[in-house]
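**Student:** Sharing a structure with you now.
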Amino acid sequence: MPRTSTRAVAPWVRTRLRTAPGAAGAFALLVLVTAFLAAALPRAVDSYETEGLRHAIRTAPPRTTVLDITTGPPASDLPPASREAAVLPMPLARQRAALEKVIPAPLRLDPEQSVHGVRTSKRVTGLDRWLPQPYGLPPEFVLSTPSSLDRHVTVREGRLPATADATTGSEAAVTAETAKSLHLKVGSVVHLPALYAGRPLAVTVTGIVEPVRPQSAFWSVEPLLRTPSYAVKPGGMDPLYYWQAALLLPPAGAPTLLSTAGEPELYWRFAPTAGHLTAQDETRLGEAIASLTGGPDLVKVRQAVGPTGAVSTDLDEVVGSYGGMRAAIAPVVAVAAFGIGSVAAVVLAMTGGLLANRRAAELGLLRSRGGSLTGIGGRLLGETAVLALPATGLGLLAATLLLPEARFLPALAAAGAVALLACLALPLRAVFLHRRPLVHGGRDDLVDARPSRGRTVTELTLLVLAAGAVAALRRRGTDDAGDYLVSAAPVLVALIAALVLVRLYPLPLRWAARPARRLRGAVGYLSLARAARSSAIGALPLLALLVALTTAAFGGSVLAGVADARDRAALLETGADARISGAADAVPLPGGLAEAVRGTTGVRDVTAVQIEYGVSLPTGTGESPETTSAPLVGVDPESYTRLARRTGFGPFPADLLRSTGTGGKVDHSRILPAVASPAVAARLGTEPRDMVTAAGEFRVRIVAVRSATPALSGADFLLVNGADLTHRANTTLLATGPSADGKALRAAVAAKSREFAVVLRTERLATYVDSPMQSGAELIYLTAIGAGAGYAVLAVLLSLLQSSPERATLLARLRTMGLTRGQGRRLLGLEALPQTLLAAVGGTLVGWATIMLLAPGVDLVRLALSATPGLAVLDSAPLRADPWSLVLPAVGVVVLTGAAALLQAAWAARRGSIKELRAGDAR
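Have a look at this one:
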């Protein structure tokens, strides 16, 4: 038989992609962007948490992060030669090598900043009379033999010490600051008492050195090695001062320390590095530190250095503080993640629904010709997979390249979820719609829609879940970072609101359409009637808009609350836009300083106050016996009340502190009205109480209670009229003016006195953001708001695109009946307006309600303020609704929808009616 050739049928997927390349490209772009955001979110969280841990360790004072391993000197019953040999450089270096092997992971050491040697744990007294002796007290010295001294100093004069004799003395080096303060120079000999009465030890200064990096761990753990201090002798009524300093001996001079009375000890000080740590190492790091300081690894340390070995470090407190901030920030960020993730999922589902509805006739034809649901679903799955999988891979690759230092598996899982949803949205929607034959020409609007029992059960289930999540968050707060139901509470509230609004939406429009029948013209009635029946306002579009608006409102309120908390903390700390005070508490203001500050550029008002700290409170009839002292503040009532009203900290009428008219005179019978903090008021009671202060002796009566005052950031205070004080001397200036020039202020103050410092509110504000976790969380919220707005735009456009063919056909038919272009534009705009207003008003109300419901469980202190000093200034930063975050996104949705409807009307008018009303058109 002759061979007959058959022509190959074109592949289904290739044919479909060629048929609609624009839609395929738009779908792939949407999946790519969504996959990128989904993969970038966990990697961004990982990145800022990792950088936060490294930042916490890097910026902590070295004395809190180093691992300080110490042990006592060799036993005194050993032969002297054996004791001296045990503290020489070689044995100490061998022990250091053994200790480095003991340090458990994930701890790693910085060999450049690690040091070992022998030091005196007790300071020894200098015996030379020529040493500076203020108040007749001789200086005291710490003797240390740090290793690798030559790599950490620059020799200014002389040379580094090299030789030593255990019985007669040693050579030593001193820093330039030590030499200047104690009058030392090259060749000076410092005599120190020996362990046993006899010939003193002589330490000869052979070199004066300058630290290479004074703030490094090598020098900062023991600041006395670098900088001498002026110490106070304990005991006695009057303070007595004396010098403390350090002598740097060579490592070979360690045996010399055994002959002193300074109780020498061997030490190995290891500085940890943080560049390799990740956020996931937090738990292991805490366990490693615990094991070193009091666990199995401490046993290994003692095997290496001896039975008296001990490990001390405050690194666990640094890690614990980081963990507290991380645990406080993570739940707040999770709310934003769930919000934007839900909006993206809804938009992907809407995209699948749009494609399924556009191809309903095609798929119905396939079903009528024997196509199975499995076959149709498989073909549609192939169409979407060939677009979604490469787009997802590109999005994941972009997120990985943009954020390289983060875990890959969470990003892969997030991107995989996007790919799965993108691939299944169209097939599942199509299979669901065509599970049974469709009647040609059936209505798809809300006229015949009746909620099923399954839908009712589903809605009730979601209502219970949302109510439980909100109740849990209000009761427990956001302390549990792993409670995802709590984090999803805003999404669940928006979901319930969307379902309720979809059910109730047609009723008011149908009621409004009845009186619209009597109006002249058909545009108003037609728009209301069509809006009441339109299927474009389904649950998915409304849910997307509500979740997007709720996320934007919540995120904007979080950012506004963070900014407000920082501004309030900075204002509470300074009391005004600028604070001028002396180095000591009671230094009076020099003459003319207030006038000079008032004339500085940007200063609007100046308030002078007198502050006396530590005033003893008499025993009153109140219930606060533990409050025994408080600062006394003398003010000018007029200017101070203006400042209090401007700052919002404890404002009161100026008449409350009216003057008694006896200012400057001693009168034990006069009673001064006072404003006090709650604790002080509870201490003094309501009756007049005698006060004995440096500002005078008088009696006070509490006339008002305020929780805060601009002059002080502390909790307790007693405020009186400064004119009634016997010894009036203002000590602090509070200047207001948002544009105050700090440079000009400091110049004006320095011209009057060098003892006064200027602190600006803006400078204090900048100190509250010192952790990458804070800035990273804020960036995620900004991204969530922006992405939510973008997906809200897509939801609006997809909703309009879904009904655009039917709208265009209707407009064309009405045009043939005499409808003008202007009336057509108004018809489409008015038809879209009710749905848009529903989404905007509903989104605003849901956002406000969500914030009100969740606010008791959300505290923004750790997100707003760093661990120090903010937590000491502000106790709490509750979440509050931000009006701009509620209104602006809703208005944007209305404007966008109106613009889209007008563009659609203009486009339909350009196409003309003939194309839309072709003969045989089934629409």
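Going letter by letter, the sequence shown gives residues 201 to 1123 in this note's numbering.
For every residue, glycine included, the Cβ atom is placed at its ideal position computed from N, Cα and C.
A quick note: this is a predicted structure, and the numbers were derived from the prediction, not measured.
Could you give the DSSP three-state label for Y430: helix, strand or coil?
**Tutor:** Strand.
**Student:** Helix, strand or coil: which one does DSSP assign to D924?
**Tutor:** Helix.
**Student:** Taking Cβ positions, are G937 and R768 nearer each other than 8 Å?
**Tutor:** Cβ distance not < 8 Å, so G937 and R768 don't count as in contact.
**Student:** Does DSSP put T774 in a helix, a strand or coil?
**Tutor:** Three-state result, T774: helix.
**Student:** In chain order, what residues of the same chain have a beta carbon less than 8 Å from the beta carbon of M1052, not counting five sequence neighbours either side?
**Tutor:** Cβ within range, chain order: A1081.
**Student:** Assuming V631 and T592 form a contact by the criterion Cβ under 8 Å, report the distance between their Cβ atoms to the nearest whole angstrom.
**Tutor:** Their Cβ separation, rounded to whole angstroms, is 22 Å, which puts V631 and T592 out of contact at 8 Å.
**Student:** Is the beta carbon of V693 closer than 8 Å to that of A1049?
**Tutor:** Going by C-beta atoms, A1049 is nearer than 8 Å to V693.
**Student:** A786 to R954, Cα distance in whole Å?
**Tutor:** For A786 and R954, the distance between alpha carbons rounds to 15 Å.
**Student:** Go ahead and pull the three-state DSSP assignment for Y991.
**Tutor:** Reduced to three states, the DSSP call for Y991 is helix.
**Student:** What residues in its chain sit with their C-beta under 7 Å from that of L633, if we drop five residues either side in the sequence?
**Tutor:** A556, A560.
**Student:** Over the uninterrupted beta strand (DSSP E) stretch that includes L832, give me the two end residues.
**Tutor:** Where L832 is concerned, the enclosing beta strand (DSSP E) stretches over 829-835.
**Student:** I'd like to know if the region 384-398 and the region 322-342 are in contact, where contact means that at least 3 CB-CB pairs between them fall below 8 Å.
**Tutor:** Yes: at least three Cβ pairs fall under 8 Å.
**Student:** On the DSSP bridge assignment, give the partners of R889 in chain order.
**Tutor:** V900.
**Student:** Does Y335 come out as helix, strand or coil in the three-state DSSP assignment?
**Tutor:** Note: Y335 maps to helix in three-state DSSP.
**Student:** Given this structure, state the Cα-to-Cα distance separating G1047 from A854, to the nearest angstrom.
**Tutor:** Rounded to the nearest angstrom, the two C-alpha atoms are 41 Å apart.
**Student:** Report the option in L933, V1094, I489 whose CA atom is closest to the CA atom of L789.
**Tutor:** Checked all of L933, V1094, I489; the closest Cα to L789 is L933.
**Student:** So the alpha helix (DSSP H) T513 belongs to, where does it begin and stop?
**Tutor:** No alpha helix (DSSP H) contains T513, which DSSP labels as neither H nor E.
**Student:** Anyone know if the C-beta pair for S161 and G475 falls short of 8 Å?
**Tutor:** Coverage of the chain is limited to positions 201 through 1123, which leaves residue 161 absent and any answer about it impossible.
**Student:** Can you find at least 3 beta carbon pairs, one from the region 526-542 and one from the region 282-289, that sit closer than 8 Å?
**Tutor:** Segments in contact, no.
**Student:** Can you grab the Cα-Cα spacing for the pair T478 / L307, in whole Å?
**Tutor:** Cα to Cα, T478 sits roughly 12 Å from L307.
**Student:** Excluding five sequence neighbours on each side, which residues of the same chain lie with their C-beta closer than 7 Å to the C-beta of R629?
**Tutor:** For R629, where only same-chain residues beyond five positions count, the Cβ hits under 7 Å are G552, G553, A556.
**Student:** Just to confirm, is the Cβ distance from A908 to L1038 under 8 Å?
**Tutor:** Contact: no.
**Student:** Just checking my contact of G539 with T801 at CB under 8 Å: how many whole Å lie between their CB atoms?
**Tutor:** At roughly 45 Å, the Cβ-Cβ gap does not stay under 8 Å, so G539 and T801 are not in contact.
**Student:** Any heavy atom of the ligand GTP within a distance shorter than 7 Å of the CB on V631?
**Tutor:** Judged by which ligands are present, the structure shown has none, so any question about the ligand GTP falls away.
**Student:** P496: which of L998, P304, L580, A220 sits nearest, CA to CA?
**Tutor:** Of L998, P304, L580, A220, the residue nearest in Cα terms is P304.
**Student:** Looking only at its own chain, which residues have a Cβ that is under 6 Å from the Cβ of L918, when we skip the five neighbours before and after it?
**Tutor:** Contacts found: A830, L832, A874, A876, V880.
**Student:** For A929, which residues in the same chain have their Cβ closer than 7 Å to its Cβ, ignoring the five residues on either side in sequence?
**Tutor:** Correct list, in chain order: P788, Q810.
**Student:** Residues in its own chain within less than 7 Å of A500 by CB, not counting five upstream and five downstream?
**Tutor:** Position check: residue 500 holds Lys in this sequence, whereas Ala was assumed. Excluding residues within five positions, the ones whose Cβ falls inside 7 Å are V302.
**Student:** Return the chain-ordered ranges of every alpha helix (DSSP H) run that is complete within the region 372-404 and spans a minimum of 4 residues.
**Tutor:** Those alpha helix (DSSP H) runs which fall completely within the region 372-404 and span 4+ residues are 376-382.
**Student:** Among R569, E410, V245, P450, which has the Cα closest to the Cα of A606?
**Tutor:** For A606, the nearest C-alpha among the options comes from V245.
**Student:** Which partner residues of V815 appear in the DSSP bridge assignment?
**Tutor:** V815 is bridged to A830.
**Student:** Can you check which of these residues, G317, L1086, V949, is closest to R294 by C-alpha distance?
**Tutor:** If we check each option's Cα against that of R294, G317 comes out closest.
**Student:** Would you decide whether L292 is buried or exposed? Buried here means 16 or more other CB atoms lie within 10 Å of its CB.
**Tutor:** Burial call: buried.
**Student:** Can you check whether the CB of S1085 is closer than 8 Å to the CB of A753?
**Tutor:** Their beta carbons are under 8 Å apart, which means A753 touches S1085 by this criterion.
**Student:** According to the Cβ coordinates, are P450 and A504 closer than 8 Å?
**Tutor:** No, the pair does not count as a contact, with Cβ atoms beyond the cut-off.
**Student:** Can T600 and A611 be called in contact, C-beta distance under 8 Å?
**Tutor:** Their beta carbons are under 8 Å apart, which means T600 touches A611 by this criterion.
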